[in-house]
Amino acid sequence: MLIQKEMKLADVIHHDHKLVPVINRFNIHLGFGDKSIEDLCVEKEINLEFFLTILNAYHDHKYFPKKHLQSFPASVLVNYLNKSHRYYLDYKLPELEDFIMKLAEKTELDKATFTLLKNFFSEYKSELIQHINREEERVYPYVLQLESAIEKGNISPELIRQMDEYPIGDYETEHDNIEEKLFDLKNIIIKYLPELKNDDLLFLILKELFELENDLNDHSRIENMILVPKVEAMEFSIKTRNQ
Amino acid sequence: MPQRLIVILVEGSYIIQSGIELLIQEIPDLVLTEVYDGTEKKLVDKIQQKKPDVVIINPNILNETVRSVANQLNKNGVFLVGLVDNNTPDNLCSLFKLCMNINDGKYELLEILKNIAGNKTSGNAKKTTISELTNRELTILKQVVFGLTNQEIADKLFLSIHTITTHRKNITRKLGIKTVSGLTVYALINKIVELGEIEQK
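So the protein lines, in turn, are chains A and B. Take the first sequence: its letter number 102 is residue 248 in my numbering, and every next letter is one higher. Take the second sequence: its letter number 174 is residue 180 in my numbering, and every next letter is one higher.
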């Protein structure tokens with residue numbers, strides 16, 4: 147289904163509930179009645195084109211908005227990516243950690259295995275946090291600088307140097323190791339934990355891990371499909387301007 | 007679930023992409039992990055990063071670069087499949103180990119895909135030995151968990167680094183665990199090593 151501005155957001159959510167955390171990142175709270183996507187965007191001052199792009203990209207993995215790439219500023223995109231980082235850091239990771247800690251009291255999982263699982267998760271967690279910090283400290287500010295330099299027509303030598311040293315194309319490759327760890331964690335829980343009489347909590351943890359993985363995949367797909375080409379276009383325009 | 011072969015598709019047409027994807031979903035031994043339309047920069051690098059077992063390519067969309075792409079992937083032991091039609095010249099077909107003709111019917115195409123899966127899996131008996139590590143693999147797993155690099159393990163066990171790499175690939179394939187920390191957790195849960203042993207190292 148292609149999500150369009152005339153549709154009621156309520157209908158869209160009924161159709162695909164995975165979009166709930168996404169609309170939340172746009173500051174849309176539940177209880178929005180029969181308002182259309184367009185109406186809500188006006189009311190909440192959301193960039194309509196961008197909102198539609200994100201909804202569609204999360205909803206359909208094949209959605210690739212080639213033509214719309216330039217129609218919203220990169221700052222809007224960066225703002226969104228930052229918000230989804232907050233969702234992982236402030237909500238998903240603490241929730242998961244909470245569940246894992248409860249394994250010790252609520253199940254008969256032996257202490258040694260519990261400790262292993264707990265430590266593996268915290269290793270994963272700190273790697274994810276490190277990755278997020280690097281994006282927020284290095285990549286996103288760079289994107290914003292590029293955009294503002296192009297707007298103002300004021301391109302500093304410092305920016306050119308950064309562009310040559312660390313072009314956005316290099317950045318795509320950096321996701322892999324964290325994904326592998328998350329995959330291992332799932333597989334250890336699925337295949338290698340001792341059988342427990344009461345594994346409700348493990349099911350819950352597994353479900354959370356799958357959801358987190360899904361959302362992270364969508365997040366990096368948006369970075370690779372929308373952010374990277376957009377920034378490559380900006381880099382190209384600066385390079386040609388400077389010649 | 008048996009370890010599945012990773013397939014990457016390089017094809018420009020959305021309709022054909024979706025068709026191939028549907029076909030691949032019917033073969034449990036294959037999983038399509040990435041689709042490229044052939045216009046990507048550094049395509050070969052991107053493909054190699056995903057470490058595919060099989061790459062299906064429509065030679066028409068790569069134009070003159072097809073030969074070099076095919077050669078580079080061939081060198082890495084990737085099983086190359088050409089996605090051709092009735093007008094594809096024979097000399098292009100010869101770049102591939104197998105060709106699928108998009109004008110073939112569903113079950114002819116499925117037969118070819120099954121052959122690909124069989125071809126790649128039968129050689130190293132992937133299906134029968136899932137999760138049963140050999141003694142050699144257990145020895146190497148221990149060394150990995152103790153934090154040794156492939157080179158150090160090779161020196162210690164008087165084996166070539168190439169042998170170690172192969173064993174490590176097999177360990178990861180059998181267990182479905184890729185990271186060293188994941189392997190450590192596995193080894194400890196299954197008492198292949200004791201915590202004390204690791205701390206001493």
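Ideal placement from N, C-alpha and C gives every residue a C-beta, glycine not left out.
Scanning the segment 27 to 106 of chain B from its first residue to its last, the whole alpha helix (DSSP H) runs of 4-plus residues come out as 49 to 55, 65 to 68, 72 to 81 and 96 to 99. The alpha helix (DSSP H) runs lying completely inside the segment 204 to 282 of chain A and spanning 4 residues or more are 220 to 232, 239 to 252 and 257 to 280, given in chain order. At the C-beta level, residue 91 (chain B) and residue 108 (chain B) come within 8 Å of one another. Under the Cβ distance rule, residue 199 (chain A) does not count among the residues neighbouring chain B, no pair being separated by less than 8 Å. Contact annotation: residue 188 (chain B) and residue 330 (chain A) have beta-carbon atoms nearer than 8 Å. At a C-beta separation below 8 Å, residue 113 (chain B) has no neighbours in chain A, since its nearest C-beta there lies roughly 26 Å away. Between residue 266 (chain A) and chain B, the shortest Cβ-Cβ separation is below 8 Å. Distance from the CA atom of residue 260 (chain A) to the CA atom of residue 313 (chain A), rounded to whole angstroms, is 42 Å. Interface criterion met: the Cβ of residue 183 (chain B) is under 8 Å from a Cβ in chain A. When DSSP reads this structure, residue 331 (chain A) sits in no beta bridge, so it has no partner.
The CB of residue 192 (chain B) comes closer than 7 Å to the CB of 334 and 338 in chain A, given here in chain order.
Taking a Cβ-Cβ cut-off of 7 Å, the neighbours of residue 259 (chain A) in chain B comprise 195, given in sequence order. Using a Cβ-Cβ cut-off of 9 Å, residue 187 (chain B) is close to 265, 266, 269, 270, 327 and 330 of chain A, given in chain order. Rounded to whole angstroms, residue 94 (chain B) and residue 116 (chain B) show a C-alpha spacing of 21 Å.
The Cβ atoms of residue 54 (chain B) and residue 82 (chain B) sit closer than 8 Å to each other.
Minimum Cα-Cα distance from residue 12 (chain B) among the listed residues B:59, B:21, B:24 and B:27 corresponds to B:59.
Note that the C-beta distance between residue 266 (chain A) and residue 243 (chain A) is not below 8 Å. DSSP, read as helix, strand or coil, puts residue 182 (chain A) in strand.
Closer than 8 Å to the CB of residue 358 (chain A) there is not a single CB belonging to chain B. For residue 167 (chain B), there is no enclosing beta strand (DSSP E); the residue is found in the alpha helix (DSSP H) stretching over 167 to 181. A Cβ of chain B is located within less than 8 Å of the beta carbon of residue 262 (chain A). The alpha carbon of residue 352 (chain A) has as its nearest neighbour, out of A:295, A:339 and A:364, the alpha carbon of A:339. Cα atoms of residue 198 (chain B) and residue 166 (chain B): separation of roughly 24 Å, rounded to the nearest angstrom. Cβ contact annotation for residue 196 (chain A) (same chain, cutoff 6 Å, sequence separation greater than five): 218 and 222, in chain order. When the alpha-carbon of residue 245 (chain A) is set against those of A:158, A:263, A:182 and A:233, the nearest one is in A:263.
Nearest Cα to residue 235 (chain A) within the set A:274, A:201, A:192 and A:251: A:274.
Given a length threshold of 4 residues, each whole run of the alpha helix (DSSP H) inside the segment 140 to 166 of chain B is given here in chain order: 141 to 151 and 156 to 163.
Here the alpha carbon of residue 307 (chain A) sits roughly 17 Å from the alpha carbon of residue 299 (chain A). Its Cα nearest to that of residue 186 (chain B), the residue B:149 stands out among B:149, B:74 and B:41.
Residue 65 (chain B) sits buried, since 16 or more C-beta atoms from the chains shown fall within 10 Å of its C-beta.
The Cβ atoms of residue 165 (chain A) and residue 158 (chain A) lie closer than 8 Å to each other. Around the beta carbon of residue 201 (chain B), a 10 Å sphere encloses fewer than 16 other beta carbons of the protein chains shown; the residue is thus reported as exposed. Nearest Cα to residue 347 (chain A) within the set A:250, A:192 and A:380: A:250.
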